[in-house]
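Contents: one structure, followed by commentary.
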Amino acid sequence: MKAFKGIVSVPDPVAVFPLNSKYQTREIKNRVPQGVAVGVSLADGPEGNSGGSYMFAGNSLSYIEFPSNGALAVQYSITMLCWVYYTGASGPLFNYKKGNTAWGVHLLPLNQWSYVGSTYDYDTVIVRLWVDGRQTAQSSIGRVHLSTQDEVRMGAQDGDIRRFRGRIAAMQLYNVALTAEQINVLKKLMLAIS
């Protein structure tokens, strides 16, 4: 997916999960095995489209697990982005089960869609959080090799009591730390697949 808007180029993703009635839990280009949905259901998406997202119940039996075939492994830099409709229980949105790479939501507006993301840049050692295309936080965490070779789970993480309650659509994974300009281009493009 090479996307251009003006002069902003967006690299090809590692994976895109539309999380909608058309693709269900399949990756858009079948680069990884289909996810296993447990205790989730299709719900309206970011533009009110029926079946445009998955609803998570906020308990340990409400998640989607994506088996690992190595295709979701990134070792250095990473960007994770998705549309989120937060209904009050914060928890992991996207996490590698056995690694320490987990990403959740905190302090998002209730009952409205937000385009959220996290980036880690191996070269600058900076992790950034994004909400609706704007950087909301950053921290220097040092140079780390990401532990991303295992299966991925959305909505719940083993050993974590927090569970996500709300809807998720258009989950994307990149093996680079995207810029604000690139994230804003994707914000608009991902509405089309939700």
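First residue of the sequence shown: 1, per UniProt numbering; consecutive thereafter. For glycine and all other residues, C-beta sits at the position ideal for the given N, C-alpha and C. As the structure is a prediction and not an experimental result, all values here were calculated from the model.
Would you kindly work out how many angstroms separate the C-alpha atoms of residue i and residue j, rounded to a whole number?
| i | j | result |
| --- | --- | --- |
| proline 11 | leucine 178 | 9 Å |
| alanine 102 | leucine 19 | Model confidence at alanine 102 stands at a pLDDT of 48, short of 50, so the residue's coordinates are unreliable and nothing is read from them. |
| serine 139 | phenylalanine 94 | 19 Å |
| isoleucine 183 | glycine 39 | 30 Å |
| glycine 70 | glutamate 181 | 29 Å |
| tryptophan 113 | valine 8 | 24 Å |
| arginine 143 | valine 176 | 14 Å |
| leucine 146 | lysine 22 | 31 Å |
| asparagine 49 | tyrosine 120 | 32 Å |
| glycine 137 | arginine 163 | Glycine is not the amino acid found at residue 137; the sequence shown has alanine there. If you take the alpha carbons of alanine 137 and arginine 163, they lie about 22 Å apart. |
| glutamine 135 | valine 185 | 15 Å |
| proline 13 | valine 116 | 16 Å |
| arginine 31 | phenylalanine 66 | 11 Å |
| threonine 87 | serine 62 | 14 Å |
| lysine 5 | isoleucine 28 | With a pLDDT of 49 at lysine 5, under the threshold of 50, the predicted position of this residue should be treated as unreliable, though the coordinate-derived value follows. Those two C-alpha atoms are separated by around 21 Å. |
| residue 212 | glycine 52 | Given that the chain is displayed from residue 1 to residue 194, the structure contains no residue 212 and the question cannot be resolved. |
| glutamine 34 | serine 68 | 10 Å |
| asparagine 111 | serine 41 | 17 Å |
| arginine 153 | leucine 191 | 22 Å |
Determine the closest residue to residue i out of the options, with distance taken between C-alpha atoms.
| i | options | result |
| --- | --- | --- |
| alanine 73 | Gly166, Ile183, Gln149, Gly159 | Gln149 |
| lysine 188 | Pro46, Ile126, Asn111 | Pro46 |
| glutamate 151 | Gly39, Asp44, Ile64 | Ile64 |
| serine 194 | Val16, Ser9, Val8, Ile7 | Val16 |
| alanine 43 | Ser9, Val176, Gly166 | Gly166 |
| serine 118 | Gly91, Ser90, Ile78, Thr87 | Ile78 |
| alanine 37 | Ala137, Lys29, Gln24 | Gln24 |
| alanine 156 | Gln75, Ala89, Pro33 | Ala89 |
| aspartate 160 | Gly91, Tyr76, Phe66 | Gly91 |
| valine 125 | Val32, Thr136, Ile141, Gln75 | Ile141 |
| tyrosine 76 | Asp123, Asn111, Pro33, Gly51 | Asp123 |
| aspartate 158 | Tyr96, Ser68, Gly35, Gln34 | Tyr96 |
Using DSSP's beta-bridge definition, name the partner residues of residue i.
| i | result |
| --- | --- |
| serine 140 | Ile126 |
| threonine 119 | Thr79, Arg128 |
| valine 185 | Beta-bridge pairing links valine 185 to no other residue. |
| methionine 190 | BP columns for methionine 190 are empty, so no partner. |
| isoleucine 64 | Ala37, Met154 |
| glycine 166 | Phe56, Tyr86 |
| arginine 134 | Val131 |
Checklist entry - Do the segment 51 to 64 and the segment 117 to 132 touch if we need at least three Cβ pairs shorter than 8 Å? => result no
Item to check | the segment 77 to 86 contacting the segment 166 to 174, beta-carbon criterion three pairs below 8 Å | outcome: yes
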